[in-house]
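**Q** Residue numbers (the working numbering), protein chains in the order written: chain A, 219 to 622; chain B, 40 to 177.
From the three backbone atoms N, C-alpha and C, an ideal C-beta is built for every residue, glycine too.
Have a look at this one.
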């Protein structure tokens, strides 16, 4: 039986896997100790659980458990990585390279550092959402200390050439940070093969709980350090103070273990469903896929339905939870800056929907989504003056619009 | 954001969707908003020259549910009104009727602009001066 509403917003957050939930429960009521308490069994038990989770997490990303710094989530990890490197390596330089399509947790951190004397290069991306290694190489200067490029984009799902960028940074002696929030747990990510020095990721995007994330910080070749951004008890090798969220960390570890074991099969299954959904929706006239079709996460699809406004469309598919690049859904009244970075017209950016499939998505839900979205697009086009003009062959760019 | 029942009703069952023949001098067309702002409304009225009564009204809207509901409601209110009565429709009446939240007030403003624009188009076609709006929004 199809249960409504259908959840297709797995790039925003995911349901906790019942196996993860089950692993967490003892750490609320029974093993509730503080992992930093060294003098009694409550503390030992908590520490043991944290150490085990650290191994589970490190194993998923090909790192060492000592290289995992626990945080509250990817936003904090991004802040700690970028601000921490800027402070720690101030004597080496002040130049940071990033992309215009990064998450706000990276962009706003960079903007903050500009006020403190950082020089930041925001590279633009191509029409497919990808940056080239050549563009990054050309931007590296003698005072460059950090390149920060996201692994998989949250709105489009496109995958940047991380391994090539990592190799480039290594050869240039520049640190490389990646916000891998959308990629870890969804596809193989290997900090050694990808030459990653720092990596942000979080539990709640991979069927773990909210409120716990990690920053991978390389310990060898090179040994990387970041300046702590909070003062306190000196936890996490002095890089992040604060009592550890033990139940959250246990859940994060379990989520990583499940991902490592099931990722290949799950990714293949989701890609088949995603491709079926996408192919059906792209059959609609004047609908366009946003971002590179090949270099992409297996579970994400971003499609613009021209001449239909995104929020109006979402109201027509109220039993499907998706997100839109439309201005109306954001506080800023600006359409998605990521879509605009691809060179999309505002009207196409306004008309976009992001579909994010997940572990619990079913074929039946995909069938329902295809039918419902197609119906709503056709209905709204029947009442869209822009669609009528398009059908009459009127070029919308020749019209003098009255802005309000 | 939750929509009011009336917005949902107009969105689900929009009144008076369609197109009137804009070449006729009894028809006035108002096209307001801009695609890059995410709202475009086209509102049309058909006026009986003899009586000065708006006998038909049609709309098409590209926009969110509140924009669609505002224009749908406007066409309902316009039918049967004289031009002078139509000019008295205030955007705040639309806000009240549809229980629009503050962030959607611009949808009602757009609907009021569309009414005025359609009336002025009708007046221009019939050799009359446009009516200046005494209201300034925002």
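(1) Which runs of the alpha helix (DSSP H) at least 4 residues long sit entirely within the segment 526 to 585 of chain A? Give them in chain order.
(2) Mind listing the chain B neighbours of residue 564 of chain A? Cutoff is C-beta to C-beta under 9 Å, in chain order.
(3) Between which two residues does the beta strand (DSSP E) harbouring residue 609 of chain A extend?
(4) Between residue 267 of chain A and residue 430 of chain A, is the Cβ-Cβ spacing less than 8 Å?
(5) Quick one, which of B/93, B/77, B/112 has its alpha-carbon nearest residue 136 of chain B's?
(6) List the DSSP bridge partners of residue 417 of chain A.
(7) Look at the Cβ atom of residue 531 of chain A, then the Cβ atom of residue 571 of chain A, and state whether they are nearer than 8 Å.
(8) Residues of chain A with a CB under 7 Å from the CB of residue 81 of chain B: which are they?
(9) What's the C-alpha gap between residue 87 of chain B and residue 65 of chain B?
(10) So for residue 265 of chain A, helix, strand or coil by DSSP?
(11) Given that a residue counts as buried once 16 or more other Cβ atoms are within 10 Å of its Cβ, and exposed if not, what is residue 109 of chain B?
(12) Residue 420 of chain A to residue 432 of chain A, Cα distance in whole Å?
(13) If distances are taken between C-alpha atoms only, which option among B/125, B/70, B/85, B/76 comes closest to residue 59 of chain B?
(14) For the segment 402 to 418 of chain A against the segment 270 to 290 of chain A, do three or more pairs of beta-carbon atoms, one drawn from each stretch, fall closer than 8 Å, so that the two count as touching?
(15) Is there at least one Cβ from chain A nearer than 8 Å to residue 102 of chain B's Cβ?
(16) Where does residue 294 of chain A fall in DSSP's three states?
(17) For the segment 49 to 64 of chain B, which residues have a beta carbon sitting closer than 8 Å to at least one beta carbon of chain A?
(18) Can you list, in chain order, the residues of its chain whose CB lies under 8 Å from that of residue 324 of chain A, leaving out five sequence neighbours each side?
(19) Return the bridge partner residues of residue 513 of chain A from the DSSP annotation.
(20) Please report whether the beta-carbon of residue 262 of chain A lies at a distance below 8 Å from any beta-carbon of chain B.
(21) Quick one: which chain B residues come within Cβ less than 7 Å of residue 525 of chain A?
(22) Is the CB-CB distance between residue 509 of chain A and residue 346 of chain A below 8 Å?
(23) With a threshold of 7 Å on Cβ separation, who are the neighbours of residue 359 of chain A within its own chain once the five nearest residues in sequence on each side are excluded?
(24) How about residue 321 of chain A: is its C-beta nearer than 8 Å to some C-beta of chain B?
(25) Would you be able to state if there are at least three C-beta pairs under 8 Å between the segment 520 to 528 of chain A and the segment 378 to 385 of chain A?
(26) At what residues does the alpha helix (DSSP H) containing residue 390 of chain A begin and finish?
(27) Beta-carbon of residue 529 of chain A versus every beta-carbon of chain B: anything under 8 Å?
(28) How about residue 606 of chain A: is its C-beta nearer than 8 Å to some C-beta of chain D?
(29) Do residue 426 of chain A and residue 486 of chain A come within 8 Å of each other at the CB atom, strictly closer than that value?
(30) I need the boundaries of the beta strand (DSSP E) containing residue 72 of chain B, first residue and last residue.
(31) I'd like to know whether the C-beta of residue 568 of chain A is nearer than 8 Å to at least one C-beta of chain B.
(32) Pull the bridge partners of residue 346 of chain A from the DSSP assignment, please.
(33) Using a Cβ-Cβ cutoff of less than 6 Å, which residues in the same chain neighbour residue 161 of chain B once the five nearest sequence positions on both sides are dropped?
(34) Applying a beta-carbon distance threshold of less than 9 Å, which residues of chain B neighbour residue 620 of chain A?
(35) Once you ignore the five residues that flank residue 491 of chain A on each side, which residues in its own chain have a CB closer than 7 Å to its CB?
(36) Given a threshold of 16 other Cβ atoms within 10 Å of its Cβ, counted over all protein chains shown, does residue 449 of chain A qualify as buried or as exposed?
**A** Straight from the coordinates:
(1) 528 to 534, 555 to 559, 564 to 568
(2) 73, 74, 75, 76, 77
(3) Unbroken run through residue 609 of chain A is the alpha helix (DSSP H), 603 to 609; no beta strand (DSSP E).
(4) no
(5) B/112
(6) A/396, A/434
(7) yes
(8) 603
(9) 7 Å
(10) helix
(11) buried
(12) 6 Å
(13) B/85
(14) yes
(15) yes
(16) helix
(17) 50, 53, 56, 58
(18) 296, 300, 316, 366, 368, 397
(19) BP columns for residue 513 of chain A are empty, so no partner.
(20) no
(21) 101
(22) yes
(23) 313
(24) no
(25) no
(26) 380 to 390
(27) yes
(28) Here the protein chains are A and B, and chain D is not one of them.
(29) no
(30) 66 to 73
(31) yes
(32) Answer is none; residue 346 of chain A lacks a bridge partner.
(33) 67, 86
(34) 70, 71, 72, 73, 152, 156
(35) 575, 579, 581, 584
(36) exposed
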